[in-house]
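Structure record follows, encoded as C-alpha cells.
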Amino acid sequence: STVYLNGEFVPHERALISVEDRAFLFADGIYEVVRVYGGRPFDLEPHLARLSRSAGELRLPEPDGEHLAAVTRELIRRNGLDEGTVYFQITRGVHAPRAHAFPTGTAAPTVVVLTHPLSPEALAAGEQHRREGVAAITVPEQRWARCDIKSVSLLPNVLAKQQAVERGAYEALFVRDGFVIEGSSSNLFAVLDGEIVTYPACNYILNGIARQRVIRNARELGYTVREQGIPLGALDRCQELFLTSTTSEVMPIVAVDGKPVGSGAVGPVARALQAAYRDAVRALR
Ligand code: PMP
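Okay, so the sequence shown: first residue is 13 according to my numbering, each after it adds one.
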C-alpha cells in the first residue's frame, strides 16, 4: 500500500523513520484514527481538529487540516480502501544526539498517514460483539494527568488492554479515585436510574469523537445525559454499560469483572444508540 510520509506518497516498505526520531526515543508525538466506511472517512473534521489541539498542547507546529484531508482522500483512492481506518501521526522529528529538551532551530516534524483495511472477518467479529455485548475488567488508573492529549505514549493503555485480553475480556476500564472513567482505548457510558452517565471531558480522559457524537444522539433521542463520574460501587446497580470509540462504535458491555451488568443482556439504550450511530454512517453514502 501507499503511505504518506513528510510530504510524499511512498510505498509502505520505503516509508522509513529514523532511529533518532523523538517518537521512537521519547514517545514525543500525537496521533489520530479515523474510520472509513465504504471508501468515505467518517467525522474526519473533528478528528483533524483534535489532532490540531493535541499538536498545540505538545507545542508542535499546527498541522494543515485541509492538506491532511486531501492526503486522506488520496490515500483512500490509491489504496482502494473500502472498510478500514486512516492513522495519522505527527512527531517532533529527528534530534541527534538524544536530548530531552526540544531541538533548537528548524527540526521538521515527522508526519505520517497510513491506511489499514478491516478484513471481512474483523468486520463480522465487530458486528457480533455489538450484537451480543462484550466483557470488561476494571484496572487501577496508571496513566498521567493529561489523558486529553492523544499522545503516542500508550504504555499503560497497552498493559491494561493486554490484561483484558489475558482475562478473556474486550476492554479494561480505568478506575481513578473510585470512579470508572474510561477504557484503555474507548469511552464509557452507564445507564443509571434511567439516565445516561459518562465521565466529563477533562484532563483525565480522551474526549472521544464517538463519545461526542453519541452524547448528541442521546440528547436528540430525548435521553438525559449527565457528564459525571460512574462510581465503581454503582456498577452492580446500573441497568446498562457501553463503550464508544471510532472503531468499536457503540459497544455494549454485558459483564464486568465476571459479574453481569443489569440483566446480563444488551439493553434498549445501547440498541437505540447503535441504531442512531449506524444512521449517521449510512448518511455518508
Ligand atoms: N479513550 C481513549 C484512551 C482512547 O484511546 C480512545 C480511542 N483512541 C477513546 C477514548 C475513544 O476516542 P474516539 O471516539 O475518538 O475513537
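Ideal Cβ placement from N, Cα and C applies to all residues, glycine included.
Distances taken from the Cβ of Val-45 to the heavy atoms of the ligand PMP include one shorter than 8 Å. In chain order, Cys-250, Gln-251, Glu-252, Gly-279 and Val-281 place their CB closer than 7 Å to the CB of Val-203, counting only its own chain and leaving out the 5 sequence neighbours on each side. Ala-222 has its CB nearer than 8 Å to a heavy atom of the ligand PMP. For the 9 Å CB-CB criterion, Asn-18 and Ala-120 form a contact. Segment contact: the stretch 130-141 against the stretch 192-209, fewer than three CB-CB distances shorter than 8 Å; contact not assigned. Rounded to whole angstroms, Val-45 and Val-164 show a C-alpha spacing of 12 Å. Judged by beta-carbon spacing, Asp-33 lies beyond the 9 Å limit of Gly-117, meaning their Cβ atoms are not closer than that value. Shortest gap from the CB of Gly-96 to any heavy atom of the ligand PMP: 8 Å or more.
Taking a contact to require three or more Cβ pairs closer than 8 Å, the stretch 210-227 and the stretch 168-180 do not qualify as touching. Spatial neighbours of Pro-73 in its own chain (CB-CB distance under 8 Å, excluding positions within 5 residues in sequence) are listed in chain order as Ala-67 and Pro-121.
Contact between the stretch 35-50 and the stretch 95-103 is present: 3 or more CB-CB pairs across the two stretches fall below 8 Å. In this structure, Val-123 lies away from Ala-27, with their beta-carbon atoms at least 9 Å apart. Between Ala-181 and Ala-222, the C-beta gap is not smaller than 9 Å, which leaves the two residues out of contact. For the pair Pro-264 and Lys-162, the Cα-to-Cα distance works out to about 24 Å. Under the three-state reduction of DSSP, Lys-271 is assigned to strand. By the CB criterion at 9 Å, Ala-246 and Val-237 fall outside the cutoff.
Ranked by Cα distance from Thr-127, the options Ala-108, Glu-183, Arg-89 and His-107 are led by Arg-89. At a Cβ-Cβ threshold of 9 Å, Arg-143 and Glu-261 do not count as neighbours. Taking C-beta atoms as the reference points, Phe-186 and Glu-207 fail to come closer than 9 Å.
As a beta-bridge residue in DSSP terms, Ser-257 pairs with Glu-261. Straight-line measurement puts the Cα of Val-268 at about 21 Å from the Cα of Pro-212. If you draw a 10 Å sphere on the C-beta of Gly-220, you find 16 or more other C-beta atoms in it, and that means buried. With a threshold of 16 other beta carbon atoms within 10 Å, Asp-189 falls short and is exposed. Around the Cβ of Ala-157, a 10 Å sphere holds fewer than 16 other Cβ atoms; the residue is exposed. Between the C-alpha atoms of Glu-25 and Leu-130 there is a straight-line separation of about 20 Å. For Glu-153, there is no enclosing alpha helix (DSSP H), as DSSP gives it neither H nor E.
With a cut-off of 8 Å, the C-beta of Leu-218 is classified as near the ligand PMP, since at least one heavy atom of the ligand falls inside that distance.
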